[in-house]
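K.L.:
Per this note's numbering, numbering through the sequence shown is continuous, rising by one, with the last residue being 442.
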Amino acid sequence: SSFNQILSFGDFIYLKANDDSYIFDQIPNIESSLISINPNSGEVIAYVGGKNFNESNFDRVRLSFPQSGSSFKPFIYSSSLASGYNLSTLINDAPIVFEDENLESEWRPQNYTGEFYGPISIRDALVKSVNIVSIKLLRELGIENSHTYLNNFGFTKSRLPNDLSLALGSGNFSAAEMVRAYSVIANDGFIPDIHFIDSIKDRDGKIIFSHNQYKNQFNNQDISAFPWLDTIEMNAKKPYYIMKPLNKDKRVIDERVSFLMADTLKSFMKNGVAGRKSEFLGRDDIGGKTGTTNDSVSTWFSGFHKDLVTTVWVGTDDFTSLGEDEYGSTIALPIWINYMDFKLKSLEISNEEIPENISFVRVNKNTGEIDKESLENTYFELFLDENIN
Numbered sequence: 054s055s056f057n058q059i060l061s062f063g064d065f066i067y068l069k070a071n072d073d074s075y076i077f078d079q080i081p082n083i084e085s086s087l088i089s090i091n092p093n094s095g096e097v098i099a100y101v102g103g104k105n106f107n108e109s110n111f112d113r114v115r116l117s118f119p120q121s122g123s124s125f126k127p128f129i130y131s132s133s134l135a136s137g138y139n140l141s142t143l144i145n146d147a148p149i150v151f152e153d154e155n156l157e158s159e160w161r162p163q164n165y166t167g168e169f170y171g172p173i174s175i176r177d178a179l180v181k182s183v184n185i186v187s188i189k190l191l192r193e194l195g196i197e198n199s200h201t202y203l204n205n206f207g208f209t210k211s212r213l214p215n216d217l218s219l220a221l222g223s224g225n226f227s228a229a230e231m232v233r234a235y236s237v238i239a240n241d242g243f244i245p246d247i248h249f250i251d252s253i254k255d256r257d258g259k260i261i262f263s264h265n266q267y268k269n270q271f272n273n274q275d276i277s278a279f280p281w282l283d284t285i286e287m288n289a290k291k292p293y294y295i296m297k298p299l300n301k302d303k304r305v306i307d308e309r310v311s312f313l314m315a316d317t318l319k320s321f322m323k324n325g326v327a328g329r330k331s332e333f334l335g336r337d338d339i340g341g342k343t344g345t346t347n348d349s350v351s352t353w354f355s356g357f358h359k360d361l362v363t364t365v366w367v368g369t370d371d372f373t374s375l376g377e378d379e380y381g382s383t384i385a386l387p388i389w390i391n392y393m394d395f396k397l398k399s400l401e402i403s404n405e406e407i408p409e410n411i412s413f414v415r416v417n418k419n420t421g422e423i424d425k426e427s428l429e430n431t432y433f434e435l436f437l438d439e440n441i442n
């Protein structure tokens with residue numbers, strides 16, 4: 054092609070220096086964000102609001118609210134485990150038509166692979182990110198009951214969709230909200246308040262602000278030790294927090310449910326779409342989940358080590374499609390892996406003990422039920438003790 058076929062008079066063009074010549078260049082329309090926190094304390098470890106601050110100072114970690122896609126599924130599955138389901142419970146993954154009064158028309162959901170697996174365990178369904186199972190679980194649990202449970206992860210009820218599309222991540226949440234929610238899974242059921250400032254010292258080394266001390270005094274409605282914080286503006290904005298603090302010191306979900314979910318998401322890292330890509334990290338103590346919305350508008354990956362939870366989002370500011378064959382596993386996951394390849398060098402291998410009142414039980418593959426007598430066609434799965442008959 055000649056230049057007059059590509060360019061018109063008055064066009065702005067970008068050129069990149071290449072040795073002794075110049076080549077055409079372009080500013081990518083795609084944006085991304087990353088937030089990494091310590092789930093035990095809530096302190097921010099890394100924070101990237103966009104690909105280039107000089108081009109745009111918009112904070113996509115805190116102020117952008119894309120649909121969450123399949124990265125939301127672990128919270129639906131956690132709700133099912135808290136309601137009597139087991140990781141071995143079989144759900145039939147088959148074509149189905151939903152007539153939901155909250156949806157405009159009948160709904161025929163598909164799996165992203167276009168195939169159906171038939172009866173499949175809850176563990177395998179999450180590892181394979183099966184849509185039908187997630188929807189069926191939500192339908193059985195009930196929208197209202199699920200809203201109540203999901204609130205434990207920091208999701209405000211008023212912002213949760215009131216139809217079955219919630220099961221596939223139709224809700225809009227920031228990367229900060231997603232990393233906080235995944236921290237509940239990584240941190241044995243506790244939810245952290247994410248904060249920027251841990252402490253402030255004067256030039257003599259005296260601590261003039263301590264996050265932990267302030268948090269205790271905030272809960273007691275006494276902040277006389279930090280009078281400079283006791284102003285209308287500081288109390289309203291709380292700039293030392295990323296989001297409004299929840300101030301929840303007790304577990305928000307059962308420690309055992311968080312363990313079962315963490316174990317399942319570790320299976321995703323080994324056997325799901327993340328398996329081949331993350332294998333070179335050589336770690337068995339990490340878990341996570343991809344997310345891709347309809348038409349590949351947003352892609353996600355949220356993953357964790359016991360002491361580090363990181364969420365990556367990739368998309369556009371106007372929420373247009375990234376193109377065909379773009380998924381969380383192909384765009385967001387590689388960013389997470391590149392970051393974790395560096396961070397894991399300083400994180401010890403975590404050997405977590407199984408919480409009390411959880412047991413390995415022999416299960417029949419064909420039924421998903423406990424089978425203590427057969428030795429063939431069985432496997433061992435984790436169960437809450439109260440579900441062992």
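Ideal Cβ placement from N, Cα and C applies to all residues, glycine included. Quantities reported herein were computed from a predicted structural model and do not represent experimental measurements.
If you compare alpha carbons, which of Leu334, Phe333, Phe354 is closest to Lys342?
P.N.:
For the residues Leu334, Phe333, Phe354, the minimum Cα distance to Lys342 belongs to Phe354.
K.L.:
If Trp389 sits next to Ala228, beta carbons under 8 Å apart, how far is it from one beta carbon to the other, in whole angstroms?
P.N.:
Contact doesn't hold; Cβ gap of about 12 Å is too wide.
K.L.:
Locate the beta strand (DSSP E) running through Asp394, then write down its first and last residues.
P.N.:
No beta strand (DSSP E) holds Asp394; the alpha helix (DSSP H) holding it covers 386-396.
K.L.:
Could you tell me which whole beta strand (DSSP E) segments of length 3 or greater appear in the stretch 138-217?
P.N.:
List check, beta strand (DSSP E) in window: 143-146, 171-174.
K.L.:
Which same chain residues end up closer than 6 Å to Ser277 when comparing Cβ atoms and leaving out the 5 residues on each side of it in sequence?
P.N.:
Low per-residue confidence applies at Ser277: pLDDT is 48, beneath 50, and the placement is therefore not dependable enough to give any value.
K.L.:
Using only CA atoms, which one of Glu401, Ser141, Asp251 lies nearest to Ser174?
P.N.:
Closest option to Ser174, Cα to Cα, is Ser141.
K.L.:
In whole angstroms, what is the alpha-carbon distance linking Leu68 and Ser61?
P.N.:
Straight-line Cα distance between these residues: approximately 16 Å.
K.L.:
Under 7 Å between the Cβ atoms of Lys319 and Gly340?
P.N.:
In contact: Lys319 and Gly340 (Cβ atoms closer than 7 Å).
K.L.:
Which term fits Asn300, buried or exposed, when burial requires 16 or more other beta carbons within 10 angstroms of its beta carbon?
P.N.:
The residue is exposed, with fewer than 16 neighbouring Cβ atoms inside 10 Å.
K.L.:
Between which residues of its own chain and Phe208 is the CB-CB distance below 8 Å, once the five residues before and five after are set aside?
P.N.:
Contacts found: Phe128, Gly224, Phe226, Glu230, Ala234.
K.L.:
Among the candidates Asp360, Thr363, Tyr392, Ser351, whose CA atom is the shortest distance from the CA of Glu379?
P.N.:
Of the listed residues, the one whose Cα sits closest to Glu379 is Ser351.
K.L.:
Quick one: which unbroken alpha helix (DSSP H) runs of 4-plus residues sit fully inside the stretch 317-350? Chain order, please.
P.N.:
Here the runs fully enclosed are 328-331.
K.L.:
Take every Cβ of the stretch 325-332, pair it with every Cβ of the stretch 89-102, and state whether three or more of those distances are shorter than 8 Å.
P.N.:
Cβ pair count under 8 Å is below three, so no.
K.L.:
Measure from the alpha carbon of Phe151 to the alpha carbon of each residue in Asp216, Asp112, Asn93, Phe262, then state which is nearest.
P.N.:
The residue with the shortest Cα to Cα distance from Phe151 is Asp216.
K.L.:
Can you check whether the CB of Thr369 is closer than 7 Å to the CB of Ile88?
P.N.:
Against a cut-off of 7 Å, the Cβ pair of Thr369 and Ile88 comes out as no contact.
K.L.:
Tell me where the beta strand (DSSP E) around Ser412 begins and ends.
P.N.:
Looking at the DSSP string, the run of the beta strand (DSSP E) that includes Ser412 is 411-417.
K.L.:
Have a look at Ile98, Pro119, Asn145, Asp73 and flag the residue whose alpha-carbon is nearest the alpha-carbon of Asn347.
P.N.:
Among Ile98, Pro119, Asn145, Asp73, the Cα nearest to that of Asn347 is on Pro119.
K.L.:
Measuring straight from C-alpha to C-alpha, what distance separates Ile253 and Lys297?
P.N.:
Those two C-alpha atoms are separated by around 20 Å.
K.L.:
How should Ile185 be labelled, buried or exposed, when 16 other C-beta atoms within 10 angstroms of its C-beta is the threshold for buried?
P.N.:
Classification of Ile185: buried, given that the 10 Å Cβ count is 16 or more.
K.L.:
Using the DSSP secondary-structure output, state which residues sit across from Glu37 in a beta bridge.
P.N.:
With the chain covering only 54 through 442, there is no way to say anything about residue 37.
K.L.:
Taking only the alpha-carbon atoms, compute the straight-line gap between Val97 and Phe262 and give it to the nearest angstrom.
P.N.:
Taking the straight line joining both Cα atoms gives about 17 Å.
K.L.:
Do Gly122 and Gly356 come within 7 Å of each other at the CB atom, strictly closer than that value?
P.N.:
Going by C-beta atoms, Gly356 is not nearer than 7 Å to Gly122.
K.L.:
Could you have a look at Ala135 and say whether DSSP puts it in helix, strand or coil?
P.N.:
The answer is coil: DSSP assigns Ala135 none of H, G, I, E or B.
K.L.:
Leu397 to Ser382, Cα distance in whole Å?
P.N.:
Their backbone Cα atoms lie some 20 Å apart in a straight line.
K.L.:
Report the three-state DSSP secondary structure of Ile276 (helix, strand or coil).
P.N.:
Any reading at Ile276 is ruled out, since the residue's pLDDT is 45, under 50, leaving its predicted position unreliable.
K.L.:
Do Ile441 and Val414 have their beta-carbon atoms positioned less than 7 Å apart in this structure?
P.N.:
Contact: yes.
K.L.:
Please indicate yes or no: does the CB of Leu221 lie closer than 6 Å to some heavy atom of the ligand COA?
P.N.:
Among the components of this structure there are no ligands whatsoever, and the ligand COA is therefore not found.
K.L.:
Pop quiz: Arg113 and Ser133 are said to be a contact at Cβ under 8 Å. What is the actual Cβ separation, rounded to whole angstroms?
P.N.:
No, Arg113 and Ser133 are not in contact; Cβ-Cβ is about 31 Å, not under 8 Å.
K.L.:
What residues are listed by DSSP as bridge partners for Gln120?
P.N.:
In the DSSP output, where bridge partners are listed per residue, Gln120 has Asn225.
K.L.:
If I measure Cβ to Cβ from Ser403 and keep anything under 6 Å in the same chain, skipping five residues before and after, which residues do I get?
P.N.:
Asp338, Lys359, listed in sequence order.
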